[in-house]
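What follows is a short report on a single structure.
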Amino acid sequence: DGGITQSPKYLFRKEGQNVTLSCEQNLNHDAMYWYRQDPGQGLRLIYYSQIVNDFQKGDIAEGYSVSREKKESFPLTVTSAQKNPTAFYLCASSIVGAEKLFFGSGTQLSVL
Amino acid sequence: DQQVKQNSPSLSVQEGRISILNCDYTNSMFDYFLWYKKYPAEGPTFLISISSIKDKNEDGRFTVFLNKSAKHLSLHIVPSQPGDSAVYFCAATGTYSGAGSYQLTFGKGTKLSVIP
């Protein structure tokens, strides 16, 4: 079955620690995205990538970093510079030029 | 500055009745609108969309209406079923977003509860 796999489902971060959230897709989509959802809030775009080895900042990129070394993979690193990292993180993908996004099941990140 | 607004955080409806979820937008450059459905601890799933060249789009029990002059869209679910209980997000985008990649702007969501 084609889809987007995010791991882990739950992640805990200690203060000063960088953590990496995994996102893999086998939909053969060129575009991939990272969104953050806070309770009672909409989804806010962190980073997106339209092609391998290229990515752009979204609305709330500060404290985050990404890489796109393979078409299938778009990992997100939450750095220690992100002071309020507790949130539900969603990875998505789409065909380039298409508005419809396909989402993964999300990763809940909490701070210890 | 919220460009996509869902002013009702929650809505309760009896099973079998109509559910109407509303969404307002402020950016006149938006020309494509989508509704996503989300269960707790899961990713959103696409439900239905509408282009600004239309004022209505139907898919089974789901109908989306677009009023461009009022910058308002609504999602109608008829008849409502308990399995429809979820958070519904309205999202918008425009072709101005840049070559090849559409950035969706999401509302805060409306939690629908369908009571058996």
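Chains as they are written, first to last, in my numbering: chain A, 64 to 175; chain B, 3 to 118. Backbone N, C-alpha and C define an ideal beta-carbon position, used for all residues, glycine too. In this text, all values refer to a predicted model and were calculated from it rather than measured experimentally.
- The C-beta of A:R131 has 16 or more other C-beta atoms within 10 Å across all chains shown, which makes the residue buried.
- When secondary structure is reduced to three states using DSSP, B:D86 falls in the helix class.
- In this structure, B:R19 places its C-beta atom within 9 Å of the C-beta atom of B:P81.
- If one requires a minimum length of 3 residues, the beta strand (DSSP E) runs lying completely within the stretch 38 to 63 of chain B are 47 to 53, 58 to 61, in chain order.
- Listed along chain B is no residue with a C-beta nearer than 8 Å to that of A:Q88; the closest approach is about 12 Å.
- With three or more CB-CB distances shorter than 8 Å, the stretch 154 to 168 of chain A counts as touching the stretch 66 to 84 of chain A.
- In this structure, B:L114 lies away from B:S51, with their beta-carbon atoms at least 9 Å apart.
- Under the three-state reduction of DSSP output, A:N81 falls in the coil class, being neither helix nor strand.
- Below the 7 Å Cβ cutoff, chain A contributes no neighbours of B:S30, its closest Cβ being approximately 17 Å away.
- When B:Y90, B:P118, B:Q4, B:I117 are compared, the shortest CA-CA separation from A:R107 is found for B:Q4.
- The Cβ atoms of B:A93 and B:Y38 lie closer than 9 Å to each other.
- Setting aside the 5 residues that flank it on each side, A:K77 is surrounded in the same chain by L175, each with a C-beta closer than 7 Å to its C-beta; the list follows chain order.
- Of the other Cβ atoms in all chains shown, fewer than 16 fall within 10 Å of the Cβ of A:Q80; this residue is therefore exposed.
- For A:D122, the CB contacts under 6 Å within the same chain, skipping 5 residues up- and downstream, are R107, L108 in chain order.
- Looking at the DSSP output, A:L90 shares a beta bridge with no other residue.
- In the three-state reduction of the DSSP assignment, B:F108 falls in the strand class.
- When the alpha-carbon of B:L77 is set against those of B:N69, B:S87, B:F64, B:P11, the nearest one is in B:F64.
- Within chain B, the residues whose beta carbon sits less than 9 Å from that of A:F166 are Y38, K40, E44, G45, P46, T47, F48, listed in sequence order.
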